[in-house]
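Okay, so here's the structure we're looking at.
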Amino acid sequence: QVQLVESGGGLVQPGGSLRLSCAASGRTFSINTMGWYRQASGKTRELVARFTSDGSPNFADFVKGRVSISRDNAKNTVDLQMNNLNPGDTAVYYCRMTDTFGRDYWGKGTLVTVSS
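Start counting at 1 in the sequence shown, then tack on 965, and there's your number in this note's numbering.
Now the structure itself:
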C-alpha cells in the first residue's frame, strides 16, 4: 500500500502563485506514475499534470504555460507549481500515484481557492 498526503493549498488572489506538494509513504518502491488532478464543485475530476511511466511530464491544455511539475524520487514527493492563477482554478487538488502492479492511489485532496 501507498499513502499520499497533499499540502500547500489555500486562498490566493487572482494572478497569484501556489505550490502544492504530495508525499508518498509505504510501498514507495513500486510507484510508477505520479501526478495531480483537480475537481471543481459540480464537475468531474480532471488531470492537471502528471509524470507518465517513462518519466515524461504532460499537462492539461488549460494549464500549459502556467504550471510546472517536479518530482524527487529519493523523497517520494511530487510538487505542482501553479502561477497566474484565476478563479477557474478553484478546486480540490488531488495527488494520484499508480504502482507497477496496476494499483491506483489517491490522496485526500487539498483545497485551492482563487478569489479576491
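We put the CB at the ideal spot given by N, CA and C, even for glycine. Being a predicted model, the structure only gives us computed values, none of them experimental.
Considering only the beta carbon of each residue, do V1077 and A1056 sit closer than 8 Å?
Counting from one through the sequence shown, the residue named residue 1077 turns up at place 112. Counting from one through the sequence shown, the residue named residue 1056 turns up at place 91. In contact: V1077 and A1056 (Cβ atoms closer than 8 Å).
Use the C-beta contact count for A1039: other C-beta atoms within 10 angstroms, 16 or more gives buried, fewer gives exposed.
Translated into the one-based positions of the sequence shown, residue 1039 becomes position 74. Result: exposed.
So is R1068 buried or exposed if we call it buried at 16+ other beta carbons inside 10 Å?
In the sequence shown, residue 1068 corresponds to position 103, counting from 1. Exposed, because fewer than 16 other Cβ atoms sit within 10 Å of the Cβ of R1068.
Check this for me: beta carbons of N997 and S1018, under 8 Å apart or not?
On the sequence shown, residue 997 is found 32 positions in, with the first residue counted as 1. On the sequence shown, residue 1018 is found 53 positions in, with the first residue counted as 1. It is a contact, given that the beta carbons lie within the stated cut-off.
Any 3 or more C-beta pairs closer than 8 Å across the segment 1046-1056 and the segment 982-990
yes
To the nearest angstrom, report how far apart E971 and P979 are at their CA atoms.
Here residue 971 is taken as the residue at index 6 of the sequence shown, counted from 1. Here residue 979 is taken as the residue at index 14 of the sequence shown, counted from 1. Cα-Cα distance, rounded: 22 Å.
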